[in-house]
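According to this note's numbering, the sequence shown is numbered sequentially starting from 17.
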Amino acid sequence: MRNKQNWMRKLLMAGAVTGLGLSVAAPGLSQPTAAIGQPNLPLPKQETVSIVQLEIPNDKAKEKLFELGIDLTHRIHEHDGKMEVDAVVTPSEIASLKLHGIQVKDTLITESQWNARTAEREAASQLQSTLTASEDTIKILRASHYTNQSDTFLYVEAKTSAGDTASTALTANWTENGVDKSATLNRFVDYGEYIYHYFEVPVTAVPSSVKITSNLGGTASSAITEWLGADKPGNTKKHYVTNFVDHYMTPAELYERAERLADEFPDLVEIIEMPNKTNGYRRVAQATVGATTNSAVVVSSKAWGHEGGNDISVEFKNPGTSNSPLNVAVEGKNISVNLATDADGKTSSTARQVVDALNSEAKSLVAAATYRGNAGTGVVVPANAKLSDNLNAPENVSREPMTVKAIRIGKHRDGSKPGVLGYAQEHAREWVTPLVTIETAERLLRNYAHDGETKQLVNNLDIFLIPSVNPDGANYSFYDFNMQRKNMTNHCAPTQSDPGYRTSWGVDLNRNHSIGSAFDGFVGASTTNCLSGTYAGPAENSEPEAKNLVWLANQFENINLAMNIHSYGGYFMWSPGAYDPNRTTLPRPSAGEEAFYWAASDNILNDIQDHRGTVILPSRTGPIPDVLYSAAGNSADYLWYEKGIYAWNFEVGADLWDKEANRWRAVGFQPAYEEGHEEAMEFANGLIGLLKVAYSNSKDKQPPSTKAVPGSGKFNGPVHVGFDTNEAATIYYTLDGNRPTFKSQKLQLSGTREPAETLKIEKTTTINWFAVDPAGNIEKNYNPLTNAKNFNSVTISIKD
Ligand SMILES: [Zn+2]
């Protein structure tokens, strides 16, 4: 077993296992640096990837998964006492997993299914751009008032020529007793077909006319008549508009939508451009020329592909004469290599010799290397190649470093209101997650004028939404490789930088942070394997995308709640997010903090359920290591431990119950849009639920009150003293008679997923304590920083 492990490790170091294009060589064959006897193998073919369900027989096998750098999704499932995880793997990876007793149970999603999602998205986005390119025309179908037993209502239906896309929004304006009123219309879609927009709100006086304006510029007006029909629309539910996304959106679309909202609602929105630009959706142009490991030459342009690299061509040719020396000629962007010939006129240059010649004579255009660290003793055969950056996005997708944008929403954006942060798409392939933020932004802005609760949230909170933390990776996922998880920065050495590895480069942005990191020895990320799905980067906080989040948290110190939005599996989690190899976690939140995490979760999960009944299971709610796996260096841990921000993680996309098969089914990263849309709606509910928690927390001026149970008294033997609290609150206590302060012991949980601990008192002891709620209110307004004495105190007397 040990030998096998060493062998696997060696392959890992040589970059032969993980990611695309890996080859699993037989043991003993992998000797990357030995020139003699190096086998000359065909270059590995690019492999397809799929999401499969793996059955993990034990913890050792689970650790193996991490060690091999297998790209796990966020979904782990206990089933009949065995652990199942979903993983993104190639056929060769499956073969190597089998060596460790890990079995593939089920193929969940294949590459062709992902490609169908891409096609679906492109069609929808094309439709949107044609519909929204010019001003729309609006027809008012009905504008009525009616009075029923409960109130007088205004009801309007209008149809826009651009109604087939959810980014088209209609606003109604009217006057009631001299006061200007407005409301956003609901978009009504039935079985995928746009019918019309409508709204229905109570009015205090019947207006004479209503004007409808579109965000594309169209307008229409109508007089208001009394509704005389028999079946009056008697719906007295409050008017609240939703449903503003209708396809998966690229970073360009997301940021453009954000900018449009800022233009339309200048009093409520601003766009924050974060300071650290990304690498950009760009690569150097490359080609691996040759067919075998010993004779192939990897050529990489010095310029980015779009800046000239893609124009470079390389030709290896037989000059047609015998005893000719190796030489390199560069003409414009064409590199011509005359291979050396022997007395018979046969080519004799080795890969190593050609690499050296290119690096000497064509170094202004390219850098060359042998294949994956091979000695390069094989004779190069005539061939030619055009270099390519292999990026397939249309030219209008920017190749430049990107500025990551955040949408800031609030009536008072001066730092005086409590801040709430929602951020999405750290992992590029999680296409639903940005929609959650856009839907949330639209709901807040388009319900503001007519919905009192929305107005309260926007007036009293400072809301930060980052639709896509990782725009470069997102572009790569949309246009090149659906399963892209990481960013686009390649930190691999030249031996792992041939284009066969191009889908495995990049840094996992949810592993690059500085708390509980892999660099500090925590589990669940790799510091050494740049091709791993959970590569932590060359150093903590090395990546611009991670730095941006740190910058935001530092810049806006009023942020005190945060949601990191991922997919899939339907999880709701918080710190600690990582443990060390002994399974010792980062410090657990205190009992009071944990109580607040749970209490807030209850509100948020209820709001999620309201949409279509999705229940986030109790087994998928709680601190990360209790319900999922260790994620060293994740961003939520950074926010909680370093910035004191209550930081949750959503995994949108709860499993769906398959009635016929009588089992739960995973939805995947890129479900058919119909399902993705439902996930966006329900988790926008959840994100707004978090805002409601923040708002009610901000209104909380009532100090907590607590009671020790039992209280002061005489006891015959050891006593367990617990604390009753009237709300989630952290208890700071002393047992030595001293005043309690913020440096005193905090009451902890008694164990994983258990209630607060009790204090075991064995000899006569005075317990002094105070409690603090999540809003910062201190019991009895006690001030631990002064000499105040109004803390709580009980004395437990124990008879000897
Ligand atoms: Zn993720």
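Don't be surprised by glycine CBs; every beta carbon is placed ideally from N, CA and C.
Any idea what DSSP makes of residue i, helix, strand or coil?
i	result
Thr-89	strand
Val-448	helix
Asp-496	coil
Lys-819	Outside the shown range of the chain (17 to 816) lies residue 819, about which nothing can therefore be said.
Arg-755	coil
Asp-488	helix
Trp-597	Here residue 597 turns out to be Pro, not Trp, going by the sequence shown. Note: Pro-597 maps to coil in three-state DSSP.
Phe-685	coil
Ile-240	coil
Lys-427	coil
Glu-275	helix
Gln-718	coil
Gly-234	coil
Arg-636	helix
Glu-63	coil
Val-413	coil
Pro-800	coil
Arg-462	helix
Met-697	helix
Ile-72	strand
Ile-479	strand
Ser-809	strand
In its own chain, which residues sit with a C-beta less than 6 Å from the C-beta of residue i, not counting the 5 before and 5 after it?
i	result
Phe-612	Ala-744 and Pro-790
Ser-338	Thr-357, Ala-359 and Gly-361
Val-735	Ile-777 and Ile-812
Asp-122	Gln-69
Ser-766	Glu-773
Ser-7	In the structure as shown, the chain starts at 17 and stops at 816, and residue 7 therefore has no counterpart that could be examined.
Ala-367	Ser-311, Val-313, Thr-386, Gly-392, Gly-394 and Val-396
Phe-572	Gly-435
Glu-83	none
Asp-152	Thr-176, Ser-177, Ala-178, Ser-230, Leu-232 and Gly-234
What residues in its chain sit with their C-beta under 8 Å from that of residue i, if we drop five residues either side in the sequence?
i	result
Leu-277	Val-285, Ile-423, Ala-457, Glu-458 and Leu-461
Val-371	Val-313, Ala-384, Ala-385, Thr-386 and Gly-392
Gly-336	Gly-361
Trp-680	His-93, Asp-671, Leu-672, Trp-673 and Asp-674
Gly-727	Val-810
Leu-157	Glu-173, Ala-174, Lys-175 and Tyr-212
Please return the same chain residues whose Cβ sits closer than 7 Å to the Cβ of residue i, not counting the five positions on each side in sequence.
i	result
Arg-518	Asn-406
Ala-221	Glu-192 and Asn-193
Leu-707	Val-436, Leu-473, Leu-477 and Ile-479
Glu-691	Val-683
Ala-399	Val-305, Gly-306 and Phe-332
Ala-182	Arg-203, Asn-259, Phe-260, Val-261 and Asp-262
Lys-821	The requested residue 821 is not part of the displayed model; the chain covers only 17 to 816.
Glu-667	His-90, His-582, Ser-583, Tyr-584, Gly-585, Gly-586 and Tyr-587
Ser-760	Tyr-748, Tyr-749 and Thr-750
Please determine whether the Cβ atom of residue i lies at a distance below 7 Å from any heavy atom of ligand 3.
i	result
Phe-535	As far as ligands go, the structure on display features ligand 1 and does not contain ligand 3.
Q: Please confirm if the region 627–646 is in contact with the region 582–592, defined as three or more CB-CB distances below 8 Å between the two stretches.
A: yes
Q. Is the region 381–400 touching the region 301–313, taking contact as three or more C-beta pairs under 8 Å?
A. yes
Q.
Within 8 Å, do at least three Cβ pairs link the region 734–743 to the region 574–585?
A. no
Q: Kindly provide the ranges of any beta strand (DSSP E) runs that are 3 or more residues long and lie completely inside the region 519–595, ordered along the chain.
A: 575–585 and 587–590
Q.
Would the region 411–423 count as touching the region 528–537 if we require 3 or more Cβ pairs under 8 Å?
A. no
**Q.** Ranges of the beta strand (DSSP E) found wholly within the region 337–375, counting only runs of at least 3
**A.** 343–347 and 350–354
Q: Take every Cβ of the region 795–814, pair it with every Cβ of the region 764–784, and state whether three or more of those distances are shorter than 8 Å.
A: yes
Q | Contained beta strand (DSSP E) runs [length at least 3] in the region 642–688, N- to C-terminal order | A | 662–670, 672–674 and 679–681
Q.
Would you call the region 558–569 in contact with the region 519–533, where contact means no fewer than 3 C-beta pairs closer than 8 Å?
A. yes
Q: Go through the region 728–786 residue by residue and report every complete run of the beta strand (DSSP E) that reaches 3 residues or more, in order.
A: 729–731, 735–741, 746–750 and 775–777
Q.
Counting beta carbon pairs with one atom in the region 173–189 and one in the region 199–215, are three or more of them shorter than 8 Å?
A. yes
**Q.** Three or more C-beta pairs below 8 Å linking the region 440–452 and the region 160–168
**A.** no
**Q.** Cβ contact check for the region 697–704 and the region 96–112: 3 or more pairs under 8 Å
**A.** no
(Q) Could you tell me which whole beta strand (DSSP E) segments of length 3 or greater appear in the region 133–186? (A) 154–163 and 168–176
Q. Whole beta strand (DSSP E) runs in the region 277–318 with 3 or more residues, listed along the chain?
A. 285–289 and 300–305
Q) Would you call the region 644–662 and the region 592–607 in contact, with 3 or more CB pairs under 8 Å? A) yes
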